[in-house]
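Be aware that the sequence shown starts at 41, since it is given in this note's numbering, and climbs by one per residue.
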Amino acid sequence: MASIDEQNVLTLLNREIKPGQSAKVNFNTAKLYTQTTVEVPIIIERSMQPGPVVLITSGIHGDEINGVEIVRQVIAKGINKPAKGTIICIPVVNVFGFLNMQREFPDGRDLNRMFPGSKSGPLASKVAYQFVEEILPIADYCLDFHTGGSSRFNAAQIRIDKSDNELIKLAHIFNAPFIVFSKTIAKSYRKSCMQLGKPVLLFEGGKSSDSNKEIAEIGVQGIQRVLSHLEMLREEFTPFQPKQKSIIIEDSAWMRAKYSGLLHVKIPIGKRVEKGEYIAIITDPYGSFRHKVKSTQSGYIINVNQSPIVYQGDAIFHISKDK
Numbered sequence: 041m042a043s044i045d046e047q048n049v050l051t052l053l054n055r056e057i058k059p060g061q062s063a064k065v066n067f068n069t070a071k072l073y074t075q076t077t078v079e080v081p082i083i084i085e086r087s088m089q090p091g092p093v094v095l096i097t098s099g100i101h102g103d104e105i106n107g108v109e110i111v112r113q114v115i116a117k118g119i120n121k122p123a124k125g126t127i128i129c130i131p132v133v134n135v136f137g138f139l140n141m142q143r144e145f146p147d148g149r150d151l152n153r154m155f156p157g158s159k160s161g162p163l164a165s166k167v168a169y170q171f172v173e174e175i176l177p178i179a180d181y182c183l184d185f186h187t188g189g190s191s192r193f194n195a196a197q198i199r200i201d202k203s204d205n206e207l208i209k210l211a212h213i214f215n216a217p218f219i220v221f222s223k224t225i226a227k228s229y230r231k232s233c234m235q236l237g238k239p240v241l242l243f244e245g246g247k248s249s250d251s252n253k254e255i256a257e258i259g260v261q262g263i264q265r266v267l268s269h270l271e272m273l274r275e276e277f278t279p280f281q282p283k284q285k286s287i288i289i290e291d292s293a294w295m296r297a298k299y300s301g302l303l304h305v306k307i308p309i310g311k312r313v314e315k316g317e318y319i320a321i322i323t324d325p326y327g328s329f330r331h332k333v334k335s336t337q338s339g340y341i342i343n344v345n346q347s348p349i350v351y352q353g354d355a356i357f358h359i360s361k362d363k
């Protein structure tokens with residue numbers, strides 16, 4: 041199990057990292073069919089000054105590239121070199137999925153539904169178990185980065201439990217455009233963090249198999265604001281402070297397609313719409329059918345289905361509910 045001793049020496053995966061040191065430790069999860077070992081690189085940066093341990097993760101779903109890009113930029117720009125404490129970055133947790141641009145593990149299981157895992161379970165469960173046992177215990181704060189699934193594009197948002205005042209404070213410090221109150225999913229990474237008493241911010245932005253410059257910038261800036269709050273951000277970095285504070289979303293609902301056809305979205309992600317507002321068109325391929333989609337409620341558009349073709353009943357817009 042990971043630990044920090046009285047001399048402030050960090051031990052992670054049987055590797056000792058002293059104050060002021062940098063290290064790259066490989067988390068060996070399993071082997072490919074060819075017996076080639078699959079390693080998950082963990083980048084560790086330590087200050088000479090003691091302080092919190094911040095664990096930054098992405099790629100729990102292998103096809104969620106935006107999160108990977110956010111953590112990559114944090115490392116490439118040196119933001120992960122702390123003024124005090126320790127920053128641990130894992131840009132790609134699910135290397136198996138990343139190699140194949142797939143959400144799941146090769147066994148078809150979703151890693152984010154396998155926590156805290158099992159020592160003798162299937163592959164995804166074993167990886168979750170090792171992560172919880174050998175890495176997570178050392179963290180004081182966790183930042184986890186995700187995107188919308190399939191072709192559904194999420195507005196940049198932090199998801200937290202509305203009953204946790206510390207997380208609400210941290211979410212406002214991160215200052216993504218939206219803070220979404222959402223229940224914690226059973227067997228998720230976020231659930232394991234909460235069970236171990238680790239404050240965790242879950243960031244959602246963009247869609248899978250896509251890299252969006254604006255979403256990446258929001259994520260990187262949010263990380264800097266949190267590190268600055270913890271007094272871990274070095275002086276050469278100055279996080280941008282948006283004029284607008286995060287909009288809190290307490291409840292939301294999906295709008296579904298009434299017809300199958302080609303979807304033409306007419307409004308930008310994050311826009312506030314009024315009930316009855318014209319937001320999209322569904323057409324057939326032959327020019328004989330045209331249906332105007334109107335918002336079923338007033339609120340903010342926090343997710344848009346960007347698939348060019350939809351079927352009747354498909355979720356097309358996720359809209360917040362006004363209280």
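Glycine is no exception: its CB is placed at the ideal position from the N, C-alpha and C atoms.
Here the structure is a predicted model, which means the values were calculated and not measured.
The C-beta of Met88 has fewer than 16 other C-beta atoms within 10 Å across all chains shown, which makes the residue exposed. Counting C-beta atoms within 10 angstroms of its own C-beta, Gln170 has 16 or more neighbours from the protein chains shown and is therefore classed as buried.
Contact between Leu183 and Val266 holds: their C-beta atoms lie close to 7 Å from each other, under 8 Å.
When Ser347, Gln281, Asn120 are compared, the shortest CA-CA separation from Phe214 is found for Gln281. Bridge partners of Lys247 according to DSSP: Gly188. In the structure shown, His358 falls within a strand segment according to DSSP collapsed to helix, strand and coil. Listed in chain order, the alpha helix (DSSP H) runs fully inside the region 108-172 are 135-140, counting runs of at least 4 residues. Distances from the CA of Thr126 to each of Glu109, Ile82, Gln235 were compared; the closest alpha carbon is that of Ile82. Residue pairing by DSSP places Ile289 opposite Val220 in a beta bridge. Counting along the chain, Asn345 sits inside the beta strand (DSSP E) bounded by residues 339-345.
Looking at the DSSP output, Leu183 bridges to Ile96, Leu241.
Put simply, the region 108-121 does not touch the region 157-170. Fewer than three CB pairs are less than 8 Å apart.
Secondary structure at His269: helix, using DSSP grouped into helix, strand and coil. Under the DSSP definition of a beta bridge, His304 partners with Ile321. Here DSSP, grouped into helix, strand and coil, assigns His212 to helix. In the three-state DSSP reduction, Glu206 falls in the helix class (H, G or I). For Arg230, the enclosing alpha helix (DSSP H) begins and ends at 229-235.
Residues of the same chain with a CB within less than 7 Å of the CB of Phe155, apart from the 5 flanking positions on each side, are Ala168, Val172, Lys227, Ser228, Tyr229, Lys231, Ser232 in chain order.
DSSP, read as helix, strand or coil, puts Ile178 in helix. Inter-segment contact for the region 248-256 and the region 97-105 is present: three or more beta-carbon pairs are separated by less than 8 Å. Counting only residues of its own chain and dropping the five nearest sequence neighbours on each side, Met41 has a CB closer than 7 Å to the CB of Glu173, Glu174, Pro177.
Counting along the chain, Arg274 sits inside no beta strand (DSSP E), nor does DSSP assign it H or E at all. If you draw a straight line from the Cα of Gln47 to the Cα of Asn140, it is about 42 Å long. Your pair Gly301 and Asp324 checks out as a contact, with CB atoms roughly 5 Å apart and the cut at 8 Å. Contact annotation: Gly310 and Ser335 have beta-carbon atoms that are not nearer than 8 Å. DSSP, reduced to helix, strand and coil, places Val65 within a strand of the structure shown. Residue pairing for Pro81: DSSP places it in a beta bridge opposite Asn66. By the C-beta density criterion, Thr76 is exposed, having fewer than 16 other C-beta atoms within 10 angstroms.
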